[in-house]
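According to our numbering, the sequence shown is numbered sequentially starting from 798.
Backbone N, C-alpha and C fix where the C-beta goes; we use that ideal spot for every residue, glycine too.
Predicted model, so just to flag it, every value in this text is computed and none were measured.
Presented below is the structure to which this report refers.
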Amino acid sequence: MDFQEAYAKGNEALKEKRIAEAKDLFKKALELKPNDIYTLNKLAMILKEEGDFQQAMDLLERSLKLKQEDLYTNYLLGNAYLEQGDIEKAIETLESTVKRNPKDKYARNSLALAYRMKGDYDQCVATLNEALRVSPDDLYNKLSLATVIFEQGDAAQAEKLAVEITKKDPQNVTAMVLIGRIHLESGDLGGAVTHFQKVLSLDAKSSEAHYYLGRICLEQNESAKAAEHFNRAMQSGSDKLSLSKNLGVIFMDKGMLAEAQVEFERALALAPADPFTLNNLGKLLVLQGKHEQGVAHLKKALEAQPDYAFAHYNLGQAFRNTRDYANAIYHFLFCLKYEPDDIYAMNRLGRTFLEAGLPGNAKDVFRKVIDSLAPDEAYAHFGLAETCEALEEFEAALEGYRRTMAVAGENKVLKDRAAARIKELQKR
798 MDFQEAYAKG NEALKEKRIA EAKDLFKKAL ELKPNDIYTL NKLAMILKEE GDFQQAMDLL
858 ERSLKLKQED LYTNYLLGNA YLEQGDIEKA IETLESTVKR NPKDKYARNS LALAYRMKGD
918 YDQCVATLNE ALRVSPDDLY NKLSLATVIF EQGDAAQAEK LAVEITKKDP QNVTAMVLIG
978 RIHLESGDLG GAVTHFQKVL SLDAKSSEAH YYLGRICLEQ NESAKAAEHF NRAMQSGSDK
1038 LSLSKNLGVI FMDKGMLAEA QVEFERALAL APADPFTLNN LGKLLVLQGK HEQGVAHLKK
1098 ALEAQPDYAF AHYNLGQAFR NTRDYANAIY HFLFCLKYEP DDIYAMNRLG RTFLEAGLPG
1158 NAKDVFRKVI DSLAPDEAYA HFGLAETCEA LEEFEAALEG YRRTMAVAGE NKVLKDRAAA
1218 RIKELQKR
């Protein structure tokens, strides 16, 4: 087999998604012609999809040494950095690609995604707007812009852009899904269903449409229909990991703990070290009373991502529930190290100090919430009042309970608890 035959057969296998065969054929082609940049790039992309980022980037960098100005290789390398999580390197590489070819809409789109992953939404939007300035009819980047704008809270402008896309491309199911999401977010379930059903009329296997229709059915207490849509989403969706993670969270929020556990375990089978899944499954197991199993999963989440504030918070809760106050305090403190303005964690830390017999520490924490973060945080005022009562500072406690009632709003349970303590203290 000569180079041309190996390369051609590799392309054919890749087109037909016979990935392992394509990989072997491209390797054979490289043995015959080691410096062919097209073969290097094709093999690099297969390795990237398999998760072997280091080998993929080695091949792409080798390709660039052979042809330094090859923009496609630069684009592929930028995407490889992006998928590996090296955002700064991805931005540097993709900016270089866009600078040399301002009309490369795919490089601009990847650059915008890199800024989005960095959290720089202004630069992300600016990049997409510049792409549309260069190519006004570029529906690919217009759709990305609509999606980012929607996620930033401007639903009206996002829908306007998405509708413009569907007028020019009536078969654009991705734009239709976005319009459906916008209606769902606004509470217009009927409008959302109409758009998602329209998507299914064009693409019966659309995993996104089935996923969102499943969510709507769940909201309407149609569990059987919801399960049917979710199953179809799983069958046709390429990103089964994200789908299972999202479904797990939805089921857990609905109190459907058994269903949530199935999805989180399914996600872990696909990615055993995923910190998000480990954290949520750990939290779920603790809710089910399976303390040791839950704590083990939460600890694994921290092994995978030591600065994961939510996992520290959930471990704090788990240890507090078993009155292991030393470990609870430890994890709440680490949660606040990584998320210093987390009011929920601060309130939990204050309450844990109080339960552990450390009212002085508790007072400092509740005082910090009120003085520095949220002056009208009802639970902080209630916690401070209870702490003052424990310290026998009864006038300060009365003031704290009265303040709780003033800021508790519609929280009748908390108001009643504060009123009961006021009544009790006034008997003294």
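- Going by DSSP, V1166 is part of no alpha helix (DSSP H) at all; its letter is neither H nor E.
- K1037 is positioned such that its CB atom lies closer than 8 Å to that of L1067.
- At a Cβ-Cβ threshold of 8 Å, C1185 and A1177 do not count as neighbours.
- The alpha-carbon of A810 is positioned some 22 Å away from that of S1033.
- The C-alpha of A853 is placed about 17 Å away from the C-alpha of E818.
- Membership of Y937 in the alpha helix (DSSP H) is indicated by the continuous run L936 to E948.
- In the structure shown, the three-state DSSP call for Q801 is helix.
- Relative to the Cα of G882, the nearest Cα in the group G848, A1024 and D1050 belongs to G848.
- Secondary structure within the region 1119 to 1157: not one fully enclosed beta strand (DSSP E) run of 3 or more consecutive residues is present.
- In this model, S1169 and A1217 are separated by some 28 Å (Cα to Cα).
- N926 is positioned such that its CB atom lies closer than 8 Å to that of L942.
- Taking A1070 as the centre and dropping the five residues before and after it, the same chain places the C-beta of A1101 closer than 7 Å to its C-beta, in chain order.
- Cβ-Cβ separation between R978 and H1007: approximately 14 Å, too far for a contact (criterion under 8 Å).
- Secondary structure of M1031 (DSSP, three-state): helix.
- Rounded to the nearest whole angstrom, the C-alpha separation of I946 and E1005 is 19 Å.
- CA-to-CA, the gap between T1119 and A1125 works out to about 9 Å.
- When C-alpha distances from A955 are compared across Q1114, N898, K939 and G916, the shortest belongs to K939.
- Spatial neighbours of Q949 in its own chain (CB-CB distance under 7 Å, excluding positions within 5 residues in sequence) are listed in chain order as Y918.
- In the DSSP annotation of this structure, the continuous segment of the alpha helix (DSSP H) that includes Y1198 starts and ends at F1191 to V1204.
- Secondary structure at S1020: helix, using DSSP grouped into helix, strand and coil.
- Going by C-alpha positions, L997 is about 33 Å away from K839.
- For A1068, the secondary structure class from DSSP, reduced to helix, strand or coil, is coil.
- As for any alpha helix (DSSP H) of minimum length 4 sitting wholly inside the region 886 to 920, the runs are 902 to 915, ordered along the chain.
- For secondary structure counted as the alpha helix (DSSP H) over 4 or more consecutive residues, the region 1054 to 1121 holds these complete runs in sequence order: 1054 to 1067, 1072 to 1084, 1088 to 1101 and 1106 to 1118.
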